[in-house]
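One rule links them: number in this note's numbering = place in the sequence shown (from 1) + 124.
Where is the CB? At the ideal position from N, CA and C, for every residue including glycine.
Structure first, then comments.
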Amino acid sequence: MSELAIHGGPKACEHEWSSWPIWDDRERAGLNAVLESGEWWYGARVREFEERYAAFHGAKHGITSSSGTTALETCLAVLEIGAGDEVIIPPYTFVATASSVLRSNAIPVFADIEPHTLCLDPDDVERKITPRTKAIMPVHLAGHMADMDRLGDIARARNLYLIEDACHAWGSQWKGKGAGAVGHCGVFSFQVSKNINSGEGGIILTDDDDLADMCRGFTNCGRRKGKAWYAHYSLGSNLRLTEFQAAILLAQLERYPEQLVRREENAGILNDALRGLPGIGLVETDPRMTRRSYHFYTFRIDSEVLGVSRERFLEAAQAEGVPVREGYPHPLYTNELFQCIQENGIPAHHGWPFGFEVPDYTEVSCPVTEQVCADTCWIMHTALLAAPSTIADMAAAIRKVVSHIGEL
Ligand SMILES: *Cc1c(COP(=O)(O)O)cnc(C)c1O
């Protein structure tokens, strides 16, 4: 009989994985204090969180928003990126990276990712630049930062904005500088699945004073600092957080540095145990990163070498007790939202692209992303908080599947 759990053998990684989100008396006390104070709205706690989070990333300003999505929309709006403008983004990401561009009336242009970082490929970015390009929006996938040296050089040389989608990168650093504070501005999400969360929420970081003021105005109904309440200066929206959310975020941020270290150490254990294993490709951290968050741990499967599909590999690993799964199942541009644009336009976005040529997303091809969607496996951040011994069991379970791969 086979040793593999999928064939009835013993499980290599028995463990109760902790649920998410995590909270304790700090969140409880913060929420109670807000409740009892009667000050429920966009006040001292929101400001305190903004300052602390900006300081955590070495950024001058932090401006909260209702979500990561609306934070991206805010950046694009205040940078006046609109109809006919192109924004270069990767297709291995959550829809908000692209939908924020469409919402701004601009045109998302997909550039491929690098196979070893899963982040935007600067060479392909250069190929996708046109006279209409206004911004590059890299995604720091799973907390690994895109090549900010090269993207920064390209942005400077071509006079483009560099907007970081840092929605997986709380605490990540590039050469000592915090994610979100390397480009012109950067955006984080605090939605419930994220490593720091308040159910919903987001923040924009920037070192630019004017940009910060414009973001504040946009997220607060077009108001201006120090001016009258019913005086409105720009087309904004209401994207404010409540004090309840800020109370939770303050507690989450206090807990976060310890979790960051633990996940980094556990990812190191996985890397050391899996490095060199036939058929398993690691996504090692660029040495220019001085700290990295893990929204998830990624590795790639070579089905030719292993002789089984990723799906079969995942079934076997899951049977051993490893909480591993496929990630983004397809490149963003294969969604109906993009594929139907030529025929139907965009539902709920009348008039787009406002007189400019409609891009044909059925023609887009990013071969690295397509391959990565087919062969990459994710272990989520919650599992990366387990004890090192559990992580070692997890690695042993993966090694076990690989060494018995012929039985699958
Ligand atoms: C979660 C996420 C967002 C959007 O954040 P929300 O707070 O859910 O709106 C944007 N980009 C990426 C890469 C994300 O993972």
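CA-to-CA, the gap between leucine 430 and methionine 504 works out to about 23 Å. Between arginine 416 and threonine 409, the gap from beta carbon to beta carbon is short of 7 Å. Sorted by position in the chain, Ser191, Gly192, Thr193, Thr217, Phe218, Ala220, Thr221, Val263, Asp289, Cys291, His292, Ser313, Gln315, Gly326 make up the residues whose C-beta lies under 6 Å from a heavy atom of ligand 1. Comparing C-alpha distances from aspartate 149 to each of Gly469, Pro255, Leu374 shows the shortest one belongs to Leu374. For isoleucine 465, the three-state secondary structure derived from DSSP is helix. The beta-carbon separation of glutamate 127 and histidine 528, rounded to 6 Å, stays under the 8 Å limit for a contact. By the criterion of at least three beta-carbon pairs nearer than 8 Å, the region 286-302 is not in contact with the region 351-370. By the CB criterion at 7 Å, glycine 192 and valine 306 fall outside the cutoff.
When C-beta atoms of the region 217-227 are compared with those of the region 446-457, three or more pairs fall below 8 Å, so the two segments count as touching. A distance below 7 Å separates the beta carbons of aspartate 499 and arginine 424.
By the 16-neighbour rule on beta-carbons within 10 angstroms, alanine 510 is buried. Along the length of the region 239-314, whole alpha helix (DSSP H) runs at least 4 residues long occupy 246-252, 272-282, reported in chain order.
Between the C-alpha atoms of alanine 441 and alanine 129 there is a straight-line separation of about 9 Å. Looking from the CA of glutamate 389, the closest CA among Ser513, His131, Phe234, Glu174 belongs to Ser513. Here proline 239 is near valine 492, since their CB atoms are less than 7 Å apart.
For the set Leu242, Ser489, His474, the Cα lying nearest the Cα of valine 263 is the one of Leu242. One alpha carbon belongs to glycine 403, the other to leucine 265, and they sit about 22 Å apart. The criterion of a C-beta distance shorter than 7 Å is not satisfied by cysteine 199 and cysteine 291. For the options Ala178, Val316, Glu204, Ala201, the alpha carbon positioned closest to that of glycine 295 is the one of Ala178. Of Glu138, Glu487, His268, His139, the smallest CA-CA separation from methionine 413 is found for His268. With a threshold of 16 other beta carbon atoms within 10 Å, threonine 254 falls short and is exposed.
DSSP places tyrosine 457 within a helical segment (H, G or I) once states are collapsed to three. With respect to glutamate 324, tryptophan 164 sits apart: the two C-beta atoms are not nearer than 7 Å.
Given a length threshold of 3 residues, each whole run of the beta strand (DSSP E) inside the region 405-447 is given here in chain order: 413-415, 420-425. Beta-bridge partners assigned by DSSP to glutamate 450: Cys501. About 7 Å separates the Cβ atoms of alanine 519 and isoleucine 393, confirming a contact at the 8 Å cut-off. Nearest in C-alpha terms to glycine 206, of all of Ala259, Gly154, Tyr166, is Ala259. With contacts defined as CB atoms closer than 7 Å, arginine 176 and leucine 438 fail to qualify as a contacting pair. Contact check for aspartate 396 and alanine 136: beta-carbon distance about 17 Å, past the 8 Å limit, so the pair fails to qualify. According to DSSP, leucine 329 shares a beta bridge with Gly186, Gly310. Sixteen is the threshold: since fewer than 16 other Cβ atoms of the shown chains lie within 10 Å of the Cβ of proline 411, the residue is exposed. When C-alpha distances from phenylalanine 480 are compared across Ser143, Gly304, Val488, Gln466, the shortest belongs to Gln466.
Around the beta carbon of lysine 524, 16 or more other beta carbons lie within 10 angstroms, which makes this residue buried. With contacts defined as CB atoms closer than 7 Å, histidine 181 and glycine 276 fail to qualify as a contacting pair.
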